[in-house]
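Numbering (the numbering used here), first residue to last: 148 to 537. A virtual CB, placed ideally from N, CA and C, is assigned to each residue, including glycine.
Here's what the structure looks like:
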């Protein structure tokens, strides 16, 4: 018999699920990668074409996952799909990779990123006194990162209804701030549309193709997260309609946002000045509106990371819950809170691991943990669509 106390209820409609997809996709990547791309490519129009190409690839992935999510509308994402389509071993490996590098590491990295950008916006609150590398400043940043993790964990511990409301507000604010930045930049900011046609046009040589391939890889990291809705399939109303639709709508919205932001970057900054700049968002805001705008941009990026971190905290425990139900994870993680109807012990466990990562690693070390291993299992899941159709 099914233990109804440990069953997640379907409470989420299309709007909150789409917001979770958008929040999971739009993180720091879009504010940091375009300068690196311009250094490799040297061609503004080619860079825009690659952002469009990356969006099309992400949309194809979303369409494939939409079919899987409609056919298997349960919690767990890749873990559930790979266990059913191939063998439980594939799901087991995917689930444990997700536990460490798929969710806990991004939560830690996002929290550290939030504290870094908040420190830029409010340096006096972080005891920096003009030096961000002092021991007191570094400790303050880690303390803030941990407090951010604990705050969002406590929100999502108290139920999906409250968590979805907070996620909706954060995502709407994030999208609104990005659109405000872009359109106010075009209307009131300094820039030149001719920047889009300047620069060095890429050659179709081996080096040129190699640069395009590496650039597309960076872009795909910025688009990652288009599969978010499949992790919470057990809690989506009318999942056979809403899971695929939320993936497609969320991905399309992010493609539009990314293209608009990159056009704004190119409008505000000459291509040569973009090359190799990591904080490209801050540079563009500073060029368009003056130096003080960089503080505003730092807050915008912090909001973007709040939203992404919140989405990760929602999604991860559903994977561990699905694993525990199948006997592939700690049994206590399958427990669902009788009042809040969330896998509360999974939420707490994830927070503990994320806090340990904040205390033990730096931002770049944590990002290294999130590398190649995350790309393997989504590819296997997409290939599983052909197996599903047989």
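- Judged by beta-carbon spacing, residue 468 lies beyond the 8 Å limit of residue 282, meaning their Cβ atoms are not closer than that value.
- It is roughly 10 Å from the alpha-carbon of residue 262 to the alpha-carbon of residue 256.
- Beta-bridge partners assigned by DSSP to residue 383: 159.
- Looking from the CA of residue 498, the closest CA among 235, 461, 170, 472 belongs to 461.
- The beta-carbon separation of residue 169 and residue 322, rounded to 7 Å, stays under the 8 Å limit for a contact.
- According to the DSSP assignment, residue 442 belongs to the alpha helix (DSSP H) that extends over 440 to 472.
- Note on residue 298: under 16 other CB atoms within 10 angstroms of its CB, so exposed under the neighbour-count rule.
- If you ignore the 5 residues before and after residue 238, its C-beta comes within less than 6 Å of the C-beta of 226, 229, 230, all in its own chain and listed in chain order.
- In this structure the region 387 to 403 lies against the region 154 to 164, because at least three pairs of beta carbons, one per stretch, are closer than 8 Å.
- Residue burial is scored here from C-beta neighbours: residue 459 has at least 16 other C-beta atoms within 10 angstroms and is therefore classed as buried.
- By the CB criterion at 8 Å, residue 408 and residue 342 fall outside the cutoff.
- Look at the beta carbons and you see the region 372 to 385 touching the region 202 to 221: at least three pairs across the two are nearer than 8 Å.
- In this model, residue 477 and residue 471 are separated by some 6 Å (Cα to Cα).
- In the DSSP annotation of this structure, the continuous segment of the alpha helix (DSSP H) that includes residue 420 starts and ends at 418 to 421.
- In its chain, beyond the 5 residues on either side, no residue has a beta carbon closer than 7 Å to the beta carbon of residue 207.
- About 25 Å separates the beta carbon of residue 220 from that of residue 486, a gap too long to meet the 8 Å contact definition.
- When only Cα atoms are considered, residue 489 and residue 317 end up about 20 Å apart.
- Between the region 419 to 427 and the region 195 to 209 there are fewer than three inter-stretch CB-CB distances shorter than 8 Å, so the stretches are not counted as touching.
- In the three-state reduction of the DSSP assignment, residue 175 falls in the coil class.
- Looking at the backbone, the Cα of residue 211 and that of residue 419 are separated by about 38 Å.
- Pairing residue 481 with residue 153 gives a Cβ-Cβ distance under 8 Å.
- For residue 491, the uninterrupted alpha helix (DSSP H) run begins and ends at 491 to 507, by DSSP.
- When C-alpha distances from residue 173 are compared across 253, 247, 244, 159, the shortest belongs to 253.
- Where residue 205 is concerned, the enclosing alpha helix (DSSP H) starts and stops at 191 to 218.
- When only Cα atoms are considered, residue 190 and residue 464 end up about 42 Å apart.
- According to the DSSP assignment, residue 315 belongs to the alpha helix (DSSP H) that extends over 307 to 335.
- CA-CA distance, residue 365 to residue 180, rounds to 7 Å.
- Ranked by Cα distance from residue 259, the first of 421, 529, 360, 449 is 449.
- Between residue 301 and the set 320, 457, 441, the nearest pair of CA atoms involves 457.
- A straight line joining the alpha-carbon of residue 445 with that of residue 537 spans about 50 Å.
- Residue pairing from DSSP places residue 222 in a beta bridge opposite 379.
- Take residue 370, set aside five residues on each side of it, and the residues of its chain with a beta-carbon closer than 6 Å to its own are 201, 205, in chain order.
- Uninterrupted alpha helix (DSSP H) stretches at least 4 residues long and entirely within the region 228 to 289 occur at 235 to 244, 252 to 268, given in chain order.
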